[in-house]
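Trainee:
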Amino acid sequence: MIHAPQKILVFGKNGQVGYELFCLFHDNYNGLTPEDAVFLGRDGVDLSDTDALLKALEDHAPTAIINAAAYTAVDKAESEEALCMAVNAMAPEVMAEYAQDHKIPFIHISTDYVFDGTKTAPYTESDAPCPVNIYGKSKYEGEQAILKTTAPAVILRTSWVYAAKGQNFVHTMLRLGQERDTMGIVNDQIGAPTNAKDIARGILDILPQIKPDSGPELYHMCAQGAGSWYDFAQLIFEEAKERGLTTPSSVTPIASSAYPTPAQRPLNSRMDCSALTKFYGVTLPDWQDSARACLAEILNNTDSKKAIAS
Ligand code: NDP
6 MIHAPQKILV
16 FGKNGQVGYE
26 LFCLFHDNYN
36 GLTPEDAVFL
46 GRDGVDLSDT
56 DALLKALEDH
66 APTAIINAAA
76 YTAVDKAESE
86 EALCMAVNAM
96 APEVMAEYAQ
106 DHKIPFIHIS
116 TDYVFDGTKT
126 APYTESDAPC
136 PVNIYGKSKY
146 EGEQAILKTT
156 APAVILRTSW
166 VYAAKGQNFV
176 HTMLRLGQER
186 DTMGIVNDQI
196 GAPTNAKDIA
206 RGILDILPQI
216 KPDSGPELYH
226 MCAQGAGSWY
236 DFAQLIFEEA
246 KERGLTTPSS
256 VTPIASSAYP
266 TPAQRPLNSR
276 MDCSALTKFY
286 GVTLPDWQDS
296 ARACLAEILN
306 NTDSKKAIAS
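Under this note's numbering, think of the first position of the sequence shown as 6, with each following residue one higher.
1. Mind reading off the beta-carbon distance from Leu-209 to Leu-29? Whole number of angstroms is fine, and I expect it under 8 Å.
2. Where Asn-93 and Pro-198 are concerned, what is the direct C-alpha to C-alpha distance, given to the nearest angstrom?
3. Give the straight-line distance between the Cα atoms of His-176 and Asp-218, rounded to the nearest whole angstrom.
4. Just list the alpha helix (DSSP H) runs in the segment 151 to 215, keeping only unbroken ones of 4 residues or longer that don't cross its boundaries, in chain order.
5. So, with DSSP's three-state summary, where would you put Met-6?
6. Check whether the segment 124 to 134 and the segment 164 to 183 are in contact - that is, three or more C-beta pairs closer than 8 Å.
7. Would you mind giving the Cβ-Cβ distance between Ile-139 and Leu-179, rounded to the nearest angstrom? I have them listed as a contact below 8 Å.
8. Among residues of its own chain, excluding the 5 on either side of Glu-146, which ones have a beta-carbon nearer than 8 Å to its beta-carbon?
9. Roughly how many angstroms separate the alpha carbons of Met-6 and Leu-37, rounded to a whole number?
10. Does DSSP put Ser-274 in a helix, in a strand, or in coil?
11. Buried or exposed: where does Arg-39 fall if 16 or more other Cβ atoms within 10 Å of its Cβ makes it buried?
12. Can you give me the C-alpha to C-alpha distance between Ala-314 and Asp-308, rounded to a whole angstrom?
13. Have a look at Glu-302 and Asp-32 and give me their C-alpha separation to the nearest angstrom.
14. Of the residues Ala-312, Lys-142, Val-99, Glu-102, which one's Cα is nearest the Cα of Val-79?
15. Three-state secondary structure (DSSP) at Tyr-76?
16. Between Gly-230 and Asp-291, what straight-line distance do the alpha-carbon atoms span, to the nearest angstrom?
17. Since Leu-161 contacts Ala-245 with CB under 8 Å, what's their CB separation in whole angstroms?
18. For the putative contact between Asn-192 and Pro-258, defined by C-beta atoms under 8 Å, what is the C-beta separation to the nearest angstrom?
19. When we look at the beta-carbon of Gly-286 and count the other beta-carbons within 10 Å, is it buried (16 or more) or exposed?
20. Taking the beta carbon of Ile-48 as the centre, do at least 16 other beta carbons fall within 10 Å, making it buried, or is it exposed?
21. Let's see if you can read the secondary structure: which residues bound the alpha helix (DSSP H) around Leu-281?
22. What did DSSP end up calling Glu-148 once you bin it into helix, strand or coil?
23. Report back the beta-carbon spacing between Thr-155 and Gln-105 to the nearest angstrom; my notes put them in contact at under 8 Å.
24. For Cys-227, which of Glu-130, Ala-268, Ile-215 has the nearest alpha-carbon?
25. State the Cα-Cα distance for the pair Asn-200 and Val-43, rounded to the nearest angstrom.
26. What residues are listed by DSSP as bridge partners for His-113?
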């Protein structure tokens, strides 16, 4: 049978999720091939430039859109609100309007930071957002802009993203573990560290299920289970130590108040993902299993292990 190529336009080529999507197309995940996708990074289109984004959409004439790009510098966003809003709220609106006009599926990623974290149970999709920082506010506005269209769009809220490649908590801990003998790690923010690879798989499992005549939908999609940043750091150091890397002799749990940052973070980031399982049959793996798999990928690679230890 001849494979009719699709033209799935993916924004965020060099980001954590964008890169994992790129790898999945190259690994023929779900029968997809590299010819089915066009990946654009910042060099391909600056998402803060609406005209450039519209031109990119018209030039590529995609059959589907995946937006894995975002302004993700949570602390810096406090002093760059206009840029953050342009990338996280205005660009998704333009994408959604294009998807609406052309009746093509659109998948967009959002965040647990739309919530204020005061709920004591996991957040569901029907809980009211109340962001406590500019990044969260910009992502919430992006969601709202998409939801007001009639595009066949799926918004996926995820949390605490890390990957084998990229700048993230895993790599920061592995580096600091070499440099410091004692560390204090925040223990009162609870969430689900989520592997970008699992998010990318989830996206490609959902995409073919989106019906062209459906309206916009919103789901939570993060790893199962939850822990604190301290728990996550402990797991990282356990895996590093097992493979002979230096780790701190003392890791202490601390409160968020002892680690002030420009942007406030929600204390409870837990999200209930049962709706996604029910409607799309997609459930991401347990956070600890996936984190261990990511650490094995990083640390079983002799070159990357050497780079960390050097
Ligand atoms: P990354 O920060 O790894 O990647 C984001 C990408 O967006 C980068 O490649 C960046 O380009 C690109 N980008 C930023 N600004 C622009 C711009 N003006 N024009 C074009 N491209 C731009 O993000 P993740 O993969 O971690 O996140 C994927 C999604 O998940 C995002 O929607 C994010 O909001 C969401 N999310 C992320 C979480 C996290 O912990 N990281 C938590 C919860 C949700 P460049 O490489 O050139 O900088």
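Heads up, the beta-carbon is just placed ideally off N, CA and C, and yes, glycines get one too.
No experiment lies behind these values; they were computed from the predicted model shown.
Mentor: Looking at the coordinates:
1. Between Leu-209 and Leu-29 the beta-carbon gap is near 6 Å, inside 8 Å, which marks them as a contact.
2. Here the alpha carbons of Pro-198 and Asn-93 stand approximately 21 Å from one another.
3. Distance between the alpha carbons of His-176 and Asp-218: 42 Å.
4. The segment 151 to 215 contains these whole alpha helix (DSSP H) runs: 174 to 184, 201 to 211.
5. With a pLDDT of only 46 at Met-6, under 50, the local geometry of the prediction cannot be trusted, and the value read off the model is given with reservation. Here Met-6 sits in coil by DSSP.
6. Segments in contact, no.
7. That pair is no contact at about 29 Å.
8. These residues qualify, in order along the chain: Met-90, Asn-93, Ala-94.
9. Low per-residue confidence applies at Met-6: pLDDT is 46, beneath 50, and the placement is therefore not dependable, though the value from the model is reported in the following sentence. Approximately 14 Å, taken between the alpha carbons.
10. The three-state reading of DSSP puts Ser-274 in coil, since its state is none of H, G, I, E or B.
11. The sequence given here has Pro at residue 39, not Arg. So Pro-39 counts as exposed.
12. Near 10 Å, if we compare the C-alpha coordinates of Asp-308 and Ala-314.
13. Answer to the nearest angstrom: the Cα atoms are 16 Å apart.
14. Shortest Cα-Cα distance from Val-79 to any of Ala-312, Lys-142, Val-99, Glu-102 involves Lys-142.
15. The answer is coil: DSSP assigns Tyr-76 none of H, G, I, E or B.
16. Pairing Gly-230 with Asp-291, the inter-Cα distance amounts to about 6 Å.
17. A Cβ-Cβ separation of about 30 Å leaves Leu-161 out of contact with Ala-245 under the 8 Å criterion.
18. Confirmed, Cβ separation roughly 3 Å.
19. Using a 10 angstroms sphere on the CB of Gly-286, the tally of other CB atoms stays under 16, which defines it as exposed.
20. The identity of residue 48 in the sequence shown is Asp, whereas the question assumes Ile. Asp-48 should be labelled exposed.
21. Leu-281 -> alpha helix (DSSP H) spans 279 to 285.
22. In this structure, Glu-148 counts as helix in the three-state DSSP scheme.
23. That pair is a contact at about 5 Å.
24. When each option's Cα is compared against that of Cys-227, the closest is Glu-130.
25. Asn-200 and Val-43 have their C-alpha atoms some 23 Å from each other.
26. BP columns for His-113 point to Asn-72, Ile-160.
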